[in-house]
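Numbering (our numbering), first residue to last: 3 to 201.
Input: a single structure, listed below in structure tokens.
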Amino acid sequence: MTHLLAPGSRLILASHNKGKLREIRGLLQPWAIDVVSAGELNLPEPDETEDSFIGNARLKALAAATATGLPALADDSGFCAGALSGAPGITSARWAGPEKDFRMAMQRVHTESASSPDRSAWFISALCLAWPDGHTETFEGRVDGVQIWPPRGEHGFGYDPMFLPSGASETYGEMDQEQKHATSHRARAFALLTAACFK
Ligand code: IMP
3 MTHLLAPGSR LILASHNKGK LREIRGLLQP WAIDVVSAGE LNLPEPDETE DSFIGNARLK
63 ALAAATATGL PALADDSGFC AGALSGAPGI TSARWAGPEK DFRMAMQRVH TESASSPDRS
123 AWFISALCLA WPDGHTETFE GRVDGVQIWP PRGEHGFGYD PMFLPSGASE TYGEMDQEQK
183 HATSHRARAF ALLTAACFK
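Written out as structure tokens, the structure is:
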């Protein structure tokens with residue numbers, strides 16, 4: 003089996019996160035790929051049992067590729083605060099609890115890092131493209147900036163309103179999708195992925 007995706011190929015997006023799906027669909031748009039999400043196929047969400055972004059992205063992509071017999075793309079990503087030694091990191095989604103309350107998760111980052119002068123923050127996106135034969139390709143993107151308080155903006159998702167990328171005057175929560183893609187961790191990982199795996 004060839005491990006390149008040609009225009010018109012069907013690709014499973016192994017995510018149930020609406021914010022990520024919106025961004026990845028936007029990034030895939032120029033490539034004429036036939037995208038179906040794991041949610042549309044009622045695929046279960048595997049537990050994220052690995053201790054790295056790449057490990058969890060691989061686990062999710064392989065589960066979807068094996069279940070469907072089609073290539074699958076997964077993103078494992080997170081917000082990292084320097085004051086918290088990189089937390090919440092791979093547990094970013096879990097900090098929002100079952101209600102997916104990101105106001106609460108952002109408040110926790112703010113409260114727990116208040117005693118540190120370190121405002122550095124970064125996002126990581128690990129992408130894994132997996133094929134049904136078990137072949138995987140992984141790529142990682144990162145964007146650096148600072149955490150700010152109070153959060154600003156209603157765009158994006160997750161921790162976007164409290165992240166100010168280096169050199170910018172607007173948070174990711176204040177930027178539209180196109181502006182965010184100009185610097186984002188996900189767009190950077192995606193550029194590596196398309197260069198390596200898309201015909
Ligand atoms: P997971 O990759 O499904 O474990 O979830 C990653 C979590 O990290 C998301 O639920 C968001 O809270 C956070 N996250 C990842 N990427 C972004 C982003 O681009 N903006 C804001 N939050 C993000």
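C-beta: ideal position from N, C-alpha, C; glycine also.
From a predicted model like this one, the values you see are computed outputs, not experimental measurements.
- DSSP places Glu-139 in the uninterrupted beta strand (DSSP E) bounded by 138-149.
- A direct Cα-to-Cα measurement between Ile-35 and Ser-118 gives close to 45 Å.
- Closest in alpha carbon position to His-5, among Ala-116, His-137, Asp-162 and Pro-167, is His-137.
- Comparing alpha-carbon positions, the option among Thr-51, Ala-95 and Asn-58 lying closest to Asp-77 turns out to be Asn-58.
- Cβ neighbours of His-157 within its own chain (closer than 7 Å, five residues either side excluded): Gly-175, Glu-176, Met-177 and Asp-178.
- Summarising the contact set, residues whose Cβ lies nearer than 5 Å to any heavy atom of ligand 1 are, in chain order, Asp-78, Ser-79, Gly-80, Ser-94, Ala-95, Gly-160, Tyr-161 and Asp-162.
- Annotation for Leu-43: no beta strand (DSSP E) segment contains it, and DSSP assigns it neither H nor E.
- Selection Glu-180, Ile-150 and Leu-13 evaluated against Phe-81 yields Ile-150 as nearest (Cα-Cα).
- Excluding sequence positions up to five before and after Ala-85, its CB lies within less than 6 Å of the CB of Ser-115, Ser-118 and Asp-120, all in the same chain and listed in chain order.
- Taking the Cα of Leu-166 as reference, the smallest distance to any Cα among Gln-181, Gly-160, Ile-92 and Asp-146 is reached at Asp-146.
- A straight line joining the alpha-carbon of Ala-40 with that of Lys-20 spans about 11 Å.
- The count of Cβ pairs closer than 8 Å, one atom from the segment 47-57 and one from the segment 21-34, stays below three, leaving the stretches out of contact.
- Checking the DSSP bridge columns, you'll see Asp-36 partnered with Arg-12.
- Put simply, the backbone Cα of Gly-71 is about 24 Å away from that of Ala-191.
- The criterion of a C-beta distance shorter than 8 Å is satisfied by Ala-107 and Ala-98.
- Per DSSP, Gly-57 lies in no beta strand (DSSP E); the unbroken alpha helix (DSSP H) holding it starts and ends at 55-70.
- Each residue's CA atom was taken as its position, placing Lys-201 and Ser-168 some 33 Å apart.
- Shortest Cα-Cα distance from Arg-12 to any of Ala-66, Glu-172 and Ser-87 involves Ala-66.
- About 4 Å separates the beta carbons of Ser-127 and His-187, which is inside the 8 Å limit, making them a contact pair.
- In this structure, the alpha-carbon of Leu-131 lies about 6 Å from that of Thr-140.
- Between Pro-73 and Trp-133, the beta carbon gap of about 5 Å places them in contact (Cβ cut-off 8 Å).
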